[in-house]
Amino acid sequence: MTIPHPAARSRYGFTLVELLVVIAIISVLVSLLMPAVQQAREAARRTQCQNNLRQIGLALHNYHDTFKVFPPGNTTSLPKCICSKTSFASQSTWSWLTMILSQLEQSNAYLAIAPGSEPVGTAIQNPFKANEFRRSLPIFLCPSDSGPLLNTQRTLSVDGCGCNSTSGYPDDGDDTQKIPVARSSYVGSQGVIPGDGLFGMNSRLNLGDVLDGTSNTILVAERSYVGPVPGSITGGAVWGGVTRSFNHMALIDDGPSGVLANFIPNMNSASHLGAASLHPAGANFLLCDGSVRFIGENIHSHFDSSFPNDTSKWGTYQRLANRGDRRTLGDF
């Protein structure tokens, strides 16, 4: 009698070759998807940056509604300091960003540092206020800007007087102690030539001074701490106060201060004075009407230093920064 034997079970599994093929396929898929993921993340960061600027714009307009003017770019009641080594010296002063803290739902920070109640150089010596100056506020930081939370390139002077602490601008007198404070990614526009923008020393400008139209005039620009070229630094800005106006305001001229120009910025050149970002191909700008525009690096930009006051020779980028040249603006 023949006894039937159960059929042997077939065994299934991956061979080493098949496993390597699967790993290779997964690697290819990941490499194909990674750029898309990175682009999606950058798009989200750029959107958050734009939202920050919109909130800053709303705060500036609320300030304007209350006081009938925009806040001054920086304000001081003390005499300007004199530095024998360079003409760029001035005391540490309060910046326009400190004056809109309450409008940005940062009343605690506003009350803590009390802008304008005393010189910044005095306030920074108060341990309680010094801690507040070092506190990073997300509303002032672009998510794409990978700089340190404390700005070591643009600092505040303890005694309230002296030159910028960066190399190329030596200190003078007793101005020996510099305090790194919290960084900001946003700067007010001084214009092309200081005075033709919306922010300046003790400025008191309102929407009536914007003769070119609020939708055609830059109010706030983006400036990253890290430059667009690997290894470069533009220095960004600080929100608490300044030693030089360029710590919190931008000059919209040509060349090294253009939008993401193809250059290597450093703190020894004019390249740290303009707008810059780590967003691909451009930077975000807040206009006087409260809208936010992404302006590409290829915008028409030209400034003839031989004829600095002839706005007919300016590019579209420069005219956006001028509040009253009354000339037709090109597309941007």
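Residue numbers 0 to 331, in numbering that gives the first Met the number 0, belong to the letters of the sequence shown in order.
Glycine is no exception: its CB is placed at the ideal position from the N, C-alpha and C atoms.
Computed from a predicted model, the values in this text were never measured in an experiment.
Span of the alpha helix (DSSP H) around residue i
i           : result
residue 138 : Run containing residue 138: none; DSSP gives neither H nor E here.
residue 120 : 119-122
Counted within 10 angstroms of its Cβ, other Cβ atoms place residue i as buried (16 or more) or exposed
i           : result
residue 199 : buried
residue 104 : exposed
residue 299 : exposed
residue 312 : exposed
residue 279 : exposed
residue 40  : exposed
residue 70  : buried
residue 118 : buried
residue 194 : exposed
residue 98  : buried
residue 42  : exposed
residue 35  : exposed
residue 162 : With a pLDDT of 37 at residue 162, under the threshold of 50, the modelled position of that residue is not reliable, and the figure given next carries that caveat. Result: buried.
residue 318 : buried
residue 325 : exposed
residue 304 : exposed
residue 38  : exposed
Short Cβ contact (8 Å threshold) for residue i with residue j
i           : j           : result
residue 237 : residue 181 : yes
residue 113 : residue 127 : no
residue 321 : residue 207 : no
residue 144 : residue 219 : no
residue 46  : residue 73  : no
residue 301 : residue 281 : no
residue 51  : residue 138 : yes
residue 124 : residue 58  : no
Helix, strand or coil at residue i according to DSSP, with G and I counted as helix
i           : result
residue 314 : coil
residue 127 : helix
residue 221 : strand
residue 199 : coil
residue 278 : coil
residue 73  : strand
residue 257 : Confidence at residue 257 is low in this model, with a pLDDT of 45, below 50, so its placement is unreliable and no value can be given for it.
residue 192 : coil
residue 298 : coil
residue 326 : coil
residue 27  : helix
residue 231 : coil
residue 321 : coil
residue 283 : strand
residue 237 : strand
residue 209 : coil
residue 333 : The first residue shown for the chain is 0 and the last is 331, placing residue 333 beyond what the model contains.
residue 66  : helix
residue 52  : helix
residue 308 : coil
Continuous beta strand (DSSP E) stretch holding residue i: start and end
i           : result
residue 152 : 149-156
residue 92  : 92-94
residue 293 : 291-295
residue 113 : Here residue 113 belongs to no beta strand (DSSP E), and DSSP marks it neither H nor E.
residue 183 : 177-183
Cβ-Cβ separation, residue j to residue i (assumed contact under 8 Å), whole Å
i           : j           : result
residue 177 : residue 156 : 6 Å
residue 234 : residue 94  : Not quite, the Cβ-Cβ distance comes to about 15 Å (not below 8 Å), so this is no contact.
residue 223 : residue 286 : The Cβ separation is near 20 Å, so there is no contact.
residue 185 : residue 22  : The Cβ separation is near 46 Å, so there is no contact.
residue 289 : residue 60  : 6 Å
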